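Novice: Quick one: this structure, given as structure tokens, is what I'll be asking you about.
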Amino acid sequence: NTIESGKVTWESPSNIALVKYWGKKKDQIPENPSISFTLNNCKTITSLSFSKKENTSDFEFEVFLDGEKKDDFKPKIETFFKRVEVYLPFLKYYKFKIDTKNTFPHSSGIASSASGMSALALCLMSIEKQLSESNVASGAVEASLNNEYFNQKASFLARLGSGSACRSIEGDLIVWGKNKTVEGSSDLFGIKYPYKVHDNFKNYQDTILLVDKGEKQVSSTVGHNLMFNHPYAQNRFNQAHDNLDALKPILESGNLDAFIQLIESEALTLHAMMMTSMPYFILMKPNTLEIINKIWTFRAETGLHISFTLDAGANVHVLYPKNEASKILEFIKNELVAYCQNGHYICDQIGLGANQL
Ligand code: PMV
Numbered sequence: 006n007t008i009e010s011g012k013v014t015w016e017s018p019s020n021i022a023l024v025k026y027w028g029k030k031k032d033q034i035p036e037n038p039s040i041s042f043t044l045n046n047c048k049t050i051t052s053l054s055f056s057k058k059e060n061t062s063d064f065e066f067e068v069f070l071d072g073e074k075k076d077d078f079k080p081k082i083e084t085f086f087k088r089v090e091v092y093l094p095f096l097k098y099y100k101f102k103i104d105t106k107n108t109f110p111h112s113s114g115i116a117s118s119a120s121g122m123s124a125l126a127l128c129l130m131s132i133e134k135q136l137s138e139s140n141v142a143s144g145a146v147e148a149s150l151n152n153e154y155f156n157q158k159a160s161f162l163a164r165l166g167s168g169s170a171c172r173s174i175e176g177d178l179i180v181w182g183k184n185k186t187v188e189g190s191s192d193l194f195g196i197k198y199p200y201k202v203h204d205n206f207k208n209y210q211d212t213i214l215l216v217d218k219g220e221k222q223v224s225s226t227v228g229h230n231l232m233f234n235h236p237y238a239q240n241r242f243n244q245a246h247d248n249l250d251a252l253k254p255i256l257e258s259g260n261l262d263a264f265i266q267l268i269e270s271e272a273l274t275l276h277a278m279m280m281t282s283m284p285y286f287i288l289m290k291p292n293t294l295e296i297i298n299k300i301w302t303f304r305a306e307t308g309l310h311i312s313f314t315l316d317a318g319a320n321v322h323v324l325y326p327k328n329e330a331s332k333i334l335e336f337i338k339n340e341l342v343a344y345c346q347n348g349h350y351i352c353d354q355i356g357l358g359a360n361q362l
């Protein structure tokens, strides 16, 4: 390794799944395929400084969030480094400083693991690229990394940090998990959805209603594990395949009613899996249900294409097409924001993926 030190910076977005990933095998291999919208405004910005070190027996790094040292982030990153070390042999030859910040409030209940882990994976790939380029210059290897390899390996590494993070490298629609519907799909990394998408989904809006900003009572790791021996697991995994299959003609034709039916069912099924596992748990809050009911009533009354999806938490992602945004936003502000903790919500939309800064 010929480079003494350096610094790389990436911003990487969060994503919201339409067909949900819930249940995994070892090495973060998903039990079923998923597809997500990459978001645009909810991002993590991470700088990774690196410098050569003498002792190569351990990982050496420090983590800062908003300039403040965060030792409680270290175990998760240590685990990540251990998992990816075989794919990034330089890791033990450098010491690192990870400087990270989010564009959304840290304790907002928005999963920062997808944006955070993808940003870190991209920073590591940039270092690998610099090292490989310096090896090309010195004649040690012939060719540097191309873009496709770079993104694919970044997604592969991000997956090992947090499964859904592998869907945050690119946009605007990303598929992860081997399936028969999407050619080229893989359990190992996310790929761009390769088929026609109707203009109805262009600039699709996601207004995130922050119902509960507290720590989740049950982590997604625990939730995934409860799919082992879950009485409905196999049916659920089959259903995810079927829903991805059904989504393809919906995305092509722009059939918003069918889209809404599919994604709302996916969200409720995800939470149904939580309620029917052993031990069982509920991540929705009373206000989550208030919001869902209000959305259904408003949709029935107006015919507008407002819909919702949920993550593994109480917050509600309100999804709707751009050309209906003014009426729907007015409704959100007048009727739904009252159910948010401290009236807090975030306006986002479908985005194109990460950027190097
Ligand atoms: O990436 P993880 O392990 O935090 O799992 C996230 C799972 C869901 O957000 C609930 C669904 C998904 O596909 O993103």
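In the numbering used here, each residue's number is its place in the sequence shown (first place is 1) plus 5. Glycine included, every Cβ here is placed at the ideal spot set by N, Cα and C. This one's a predicted model, so the numbers in the text were calculated from it and none came from an experiment.
For the ligand PMV, is there any heavy atom lying closer than 7 Å to the beta carbon of ASP316?
Specialist: yes
Novice: Helix, strand or coil: which one does DSSP assign to SER62?
Specialist: coil
Novice: Alpha carbons only, please: which of TYR325, ILE300, GLY308 is nearest the one belonging to LEU341?
Specialist: ILE300
Novice: Going by CA-CA distance only, name the one from PRO236, THR307, HIS246, ASP204 that's closest to GLU257.
Specialist: ASP204
Novice: The alpha helix (DSSP H) spanning ILE297 covers which residue range?
Specialist: Looking at the DSSP string, the run of the alpha helix (DSSP H) that includes ILE297 is 291-307.
Novice: Which class does LEU275 belong to by DSSP, given the choice of helix, strand or coil?
Specialist: helix
Novice: Confirm the yes/no value for this check: CB of SER120, any heavy atom of the ligand PMV, distance under 7 Å.
Specialist: Set against 7 Å, the gap from the CB of SER120 to the closest heavy atom of the ligand PMV is not smaller.
Novice: Quick check: what's the CA-CA separation for GLU188 versus ASN60?
Specialist: 45 Å
Novice: Does the count of Cβ pairs from the segment 236-246 and the segment 305-314 closer than 8 Å reach three?
Specialist: No, the segment 236-246 is not in contact with the segment 305-314.
Novice: Using DSSP bridges, identify the partner residues of HIS322.
Specialist: ILE213, THR314
Novice: How big is the Cα-Cα spacing for HIS229 and LEU267?
Specialist: 22 Å
Novice: Could you check what DSSP says for GLY228 in three-state terms: helix, strand or coil?
Specialist: Helix.
Novice: In whole angstroms, give me the CA-to-CA distance for SER190 and ALA124.
Specialist: 22 Å
Novice: To which residues of the same chain is GLN33 closer than 6 Å at the C-beta, ignoring the five residues directly before and after it?
Specialist: Leaving aside the five residues that flank GLN33 on each side, the residues in its chain whose CB is nearer than 6 Å to its CB run, in chain order, ARG164, LEU165, GLY168.
Novice: Considering Cα atoms alone, identify which of ASP104, ALA319, TRP27, ILE297 is closest to SER52.
Specialist: The residue with the shortest Cα to Cα distance from SER52 is ASP104.
Novice: Quick one: residues in its chain with C-beta nearer than 7 Å to the C-beta of LEU273, no 5 flanking neighbours on either side, listed in chain order?
Specialist: A distance below 7 Å between beta-carbons, with the five flanking residues on each side excluded, links LEU273 to no residue of its chain.
Novice: Could you round the C-beta distance between TRP15 and LEU275 to whole angstroms and report it? I think they count as a contact, below 8 Å.
Specialist: Incorrect: roughly 29 Å between the Cβ atoms, too far for contact.
Novice: What number of angstroms, rounded off, separates the C-alpha of SER173 from the C-alpha of GLY308?
Specialist: 32 Å
Novice: When DSSP builds the beta bridges, which residues end up paired with THR186?
Specialist: Paired residues: none, contrary to the question.
Novice: What distance in whole Å lies between the Cβ atoms of LYS48 and THR108, which are believed to be in contact at a cut-off of 8 Å?
Specialist: 5 Å
Novice: Can you tell me where the alpha helix (DSSP H) holding THR49 begins and where it ends?
Specialist: It is not in any alpha helix (DSSP H) - THR49 instead sits in the beta strand (DSSP E) that spans 39-57.
Novice: Any idea if THR43 is buried or exposed, counting beta-carbon neighbours within 10 angstroms, 16 or more meaning buried?
Specialist: So THR43 counts as buried.
Novice: Count the other C-beta atoms from every protein chain shown that fall within 10 angstroms of the C-beta of PHE233, then say buried if there are 16 or more, exposed otherwise.
Specialist: exposed
Novice: Quick check on DSSP: helix, strand or coil for SER19?
Specialist: Of the three classes helix, strand and coil, the one that applies to SER19 here is strand, per DSSP.
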